[in-house]
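In our numbering, the protein residues as written are 12 to 274.
Even for Gly, the Cβ is constructed at its ideal location relative to N, Cα and C.
To keep things clear, I will list the structure first and then write my remarks on it.
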Amino acid sequence: MVTCAVSTAYYETIEEENVLQIQRSLLVAGIALALTAPAAAQESDEWSGSVELGLVETSGNTEETTISGEADVTRNWNDWRQNVLLQSRYAEQGGERTAERYSAATQLDYKFNPNDFVFVRGRYSNDDFSGYQFQASTSAGYGRRLWSEGDSYFDVSSGLGYRYGRLDTPDPEEGEEEEDPIGRLAADFRYQLSETAHFRQEAETEVSLDDGDAISRSVTALQANVNSSLAMKLSYTVEHNSNPPTGTERTDTITAVTLLYGF
């Protein structure tokens with residue numbers, strides 16, 4: 012009876028390890044798939060995007076420096092669309108670092124028609140002040156363009172995926188891991204206010220299917236063109252973690268003014 016119990020426990024441990032390996036493999040595969048575009052013959056190939064930079068520096072009684080950057084590139088060809096978003100933010104006050112974050116996200120869509128599409132998406136972030144060494148997620152699902160008029164539109168999407176993160180500890184090798192199957196909901200609303208100004212509202216949330224913990228993000232932005240290529244952008248970002256690591260806040264907010272170059 013003892014031998015049987017030990018054997019059962021051993022095989023259960025092996026099975027759990029195999030499940031974790033499969034989940035991690037799916038995460039890597041999902042991100043790799045989203046990063047790799049199909050090598051098909053291209054009837055049309057359209058690129059668009061923007062690069063932006065923000066810098067705030069104060070001296071005197073308060074010495075503070077904040078630098079933010081973003082690159083957002085979209086490619087449309089045949090029935091495919093791919094978006095890549097790279098972001099960074101660094102801040103220091105009085106010679107001490109107060110913020111440092113880098114993130115990358117990509118989404119690959121296959122369009123059945125102008126309004127319906129399926130997608131695979133991957134995201135990775137490294138924030139030294141979030142309580143995590145890093146966070147990564149991948150998801151796949153269905154999206155629909157509910158409304159469009161000229162350069163204005165409203166997209167919604169939903170899907171299932173997997174989220175993986177490692178908590179920050181003094182010894183990086185001993186960081187506790189968090190792994191969850193997730194459901195993802197997202198919306199993207201863009202409205203052309205005039206020939207030289209437009210408004211954008213993005214929102215997304217990833218909810219753990221195990222315990223209901225949610226990580227949500229909202230970006231509200233107003234952009235005004237200076238000329239045909241340059242624009243000023245005012246944005247307000249809210250990020251919320253319903254169950255953050257010990258010693259960190261549930262909600263982060265960022266207000267930024269940046270100079271944007273569009274192409």
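Bridge partners of residue 261 according to DSSP: none are assigned. Looking from the CA of residue 178, the closest CA among 255, 226, 123 and 267 belongs to 255. Excluding sequence positions up to five before and after residue 79, its CB lies within less than 6 angstroms of the CB of 65, 100 and 267, all in the same chain and listed in chain order.
In the DSSP assignment, residue 62 falls within the beta strand (DSSP E) that extends over 57-69. An exposed status is given to residue 180, since fewer than 16 other beta-carbon atoms sit within 10 Å of its beta-carbon.
For residue 116, the CB contacts under 6 angstroms within the same chain, skipping 5 residues up- and downstream, are 96 and 134 in chain order.
In this structure, DSSP gives residue 255 a state outside helix and strand, which the three-state scheme calls coil. Annotation: residue 204 is outside any beta strand (DSSP E) and is labelled neither H nor E by DSSP. Exclusion of the five residues before and after residue 161 leaves 203 as the residues of its chain whose Cβ lies within less than 7 angstroms of its Cβ. Rounded to the nearest angstrom, the gap between the Cα atoms of residue 98 and residue 124 is 30 angstroms. Between residue 195 and residue 150, the C-beta spacing is below 8 angstroms. Shown here, residue 145 sits in a strand according to DSSP, grouped into three states. In the structure shown, residue 224 adopts coil according to DSSP, grouped into three states. Between the segment 239-247 and the segment 127-146, the count of C-beta pairs closer than 8 angstroms stays below three; the two stretches do not touch. For residue 120, the enclosing beta strand (DSSP E) stretches over residues 107-122. In the structure shown, residue 192 adopts extended strand secondary structure according to DSSP, grouped into three states. Residue 159 counts as exposed, since fewer than 16 other beta carbons sit within 10 angstroms of its beta carbon.
Boundaries of the beta strand (DSSP E) harbouring residue 76: 75-88, taken from the DSSP string. Per the DSSP secondary-structure output, residue 72 pairs with nothing in a beta bridge. With contacts defined as CB atoms closer than 8 angstroms, residue 104 and residue 75 qualify as a contacting pair.
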